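To keep things clear, I will list the structure first and then write my remarks on it.
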Amino acid sequence: MNIGLYAIIFISKVIENSLGTLRLIVVANGKKGLGAILQFIIALVWVVVTGAVVTNIMEDPLKIVFFALGSYVGSYVGSFIEEKMALGSNMLMAIVDEDYGEEIIEELRINNYAVTVLQGEGKDKGRNVLMIMVPRKKRREIVEIVNSIDSSSMIVAESATTISGGYNKFEKRK
Numbered sequence: 307m308n309i310g311l312y313a314i315i316f317i318s319k320v321i322e323n324s325l326g327t328l329r330l331i332v333v334a335n336g337k338k339g340l341g342a343i344l345q346f347i348i349a350l351v352w353v354v355v356t357g358a359v360v361t362n363i364m365e366d367p368l369k370i371v372f373f374a375l376g377s378y379v380g381s382y383v384g385s386f387i388e389e390k391m392a393l394g395s396n397m398l399m400a401i402v403d404e405d406y407g408e409e410i411i412e413e414l415r416i417n418n419y420a421v422t423v424l425q426g427e428g429k430d431k432g433r434n435v436l437m438i439m440v441p442r443k444k445r446r447e448i449v450e451i452v453n454s455i456d457s458s459s460m461i462v463a464e465s466a467t468t469i470s471g472g473y474n475k476f477e478k479r480k
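Numbering of the sequence shown is given in our numbering, commencing with residue 307 and proceeding in unit increments.
The structure is reproduced here in structure tokens:
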């Protein structure tokens with residue numbers, strides 16, 4: 307039993323799978339160069355760790371278990387890291403009571419958020435539909451502002467990328 311080898315296999319797979327998860331997110335957010343660099347590192351790690359596992363695999367099948375465990379943990383770690391990095395942007399749509407609409411809009415704009423407002427009609431009364439484009443890292447702040455004024459609001463988030471125009475203080479201007 308070679309505990310050092312098992313640890314190396316496990317840690318290598320955690321690193322490989324974490325980077326793989328990050329690579330998918332990075333490429334989905336348009337960062338192709340960084341995605342390519344991550345894929346290069348992933349390939350290097352994979353070749354080394356797979357070579358270590360398949361060498362004398364019949365005499366030491368425990369290497370397979372540590373390989374699989376590392377994959378399992380690495381997938382979770384990669385998702386956790388990506389969540390903390392919060393790459394990309396969200397389009398938040400807040401459907402609020404029109405009685406609170408102006409107050410929410412004013413508060414969002416005081417905090418430098420660009421808000422587009424549409425008039426809507428709910429079952430029993432008028433609604434304001436607020437559309438706010440923000441980096442994912444700022445999403446929680448928007449939700450807190452809206453809910454502090456209208457706790458019955460409905461807020462929906464979608465992954466979004468600006469294609470053309472608009473005001474967004476968080477995006478870099480070219």
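Quick reminder that beta carbons are idealized off the backbone N, C-alpha and C, glycines included.
Fair warning: this is a prediction, and the values are worked out from it, not measured in the lab.
Margin query: Please state the DSSP three-state secondary structure of Q466.
Written below: One-based indexing of the sequence shown puts residue 466 at position 160. A small correction: the amino acid at residue 466 is Ala; Gln does not occupy that position in the sequence shown. Strand at A466.
Next item on the list: Take V402 as the anchor and find which of N453, L350 and A313 has the nearest alpha-carbon.
Entry: Your numbering for residue 402 matches position 96 in the sequence shown. Closest option to V402, Cα to Cα, is N453.
Notebook entry, point to check: Which term fits R446, buried or exposed, when burial requires 16 or more other beta carbons within 10 angstroms of its beta carbon?
Noted result: What you label residue 446 is simply residue 140 of the sequence shown in a count that begins at 1. The residue in question, R446, is exposed, as its Cβ has fewer than 16 Cβ neighbours within 10 Å.
Note to self: Distance check for K369 and N308, CA to CA, integer angstroms please.
What the structure shows: Taking the sequence shown and counting its residues from 1, one reaches residue 308 at position 2. Taking the sequence shown and counting its residues from 1, one reaches residue 369 at position 63. Rounded to whole angstroms, N308 to K369 spans 9 Å at the Cα level.
Note to self: If you measure between the beta carbons of R329 and L393, is that distance less than 9 Å?
What the structure shows: The residue you call residue 329 lines up with position 23 of the sequence shown. The residue you call residue 393 lines up with position 87 of the sequence shown. Taking 9 Å as the Cβ cut-off, R329 and L393 do not qualify as a contacting pair.
Check: DSSP state of L393, grouped into three classes?
Finding: Translated into positions along the sequence shown, residue 393 becomes position 87. Coil at L393, not helix or strand.
Next item on the list: Check N418 in the structure and name its three-state DSSP category.
Entry: Residue numbering aside, residue 418 sits at position 112 when the sequence shown is read from its first letter. N418: coil per DSSP, three-state reduction.
Notebook entry, point to check: Of all the alpha helix (DSSP H) runs that stay within the bounds of the region 343-382, which reach a length of 4 or more residues?
Noted result: none
Next item on the list: Determine the closest residue to E464 out of V359, D430, I410 and A400, with distance taken between C-alpha atoms.
Entry: The residue you call residue 464 lines up with position 158 of the sequence shown. Cα-wise, what sits closest to E464 is A400.
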